[in-house]
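Student: The numbering of the sequence shown is my numbering, which starts it at 35 and goes up by one.
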Amino acid sequence: MHQVLWSHPIELGLTRNDVRMVKGPSDALRCLADQWPHRGPYYVAARSACRAAIEGRRTVEEARKLFISAAKEAHLETH
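Structure, rendered in structure tokens:
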């Protein structure tokens, strides 16, 4: 696997004291696997899209959009 990055990193607030800079699909997969509070349909879609982006089967921006949707679904703040 090679490192792929988004055009703009996402600052993700998992908790008040845990803010992470998510720079691409690999970072996103780590966040989704660690302490994700709600695993709904967008969570599943984001996880799949991030894996596909790493493998070159989807664009990194598609994965980014789905990751943001998963964060909104989980009521997490993104910047």
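The C-beta atom is built at its ideal place from N, Cα and C for all residues, glycine as well.
Pairs of beta-carbons, one from the stretch 38–56 and one from the stretch 76–83, closer than 8 Å: are there three or more?
Tutor: no
Student: When you compare each of 111, 87, 80, 99 to residue 37 by their alpha carbons, which one comes out closest?
Tutor: Considering only alpha carbons, the answer is 87.
Student: Span of the beta strand (DSSP E) holding residue 56?
Tutor: 52–56
Student: Less than 8 Å separating the beta-carbons of residue 63 and residue 85?
Tutor: yes
Student: Less than 8 Å separating the beta-carbons of residue 97 and residue 71?
Tutor: no
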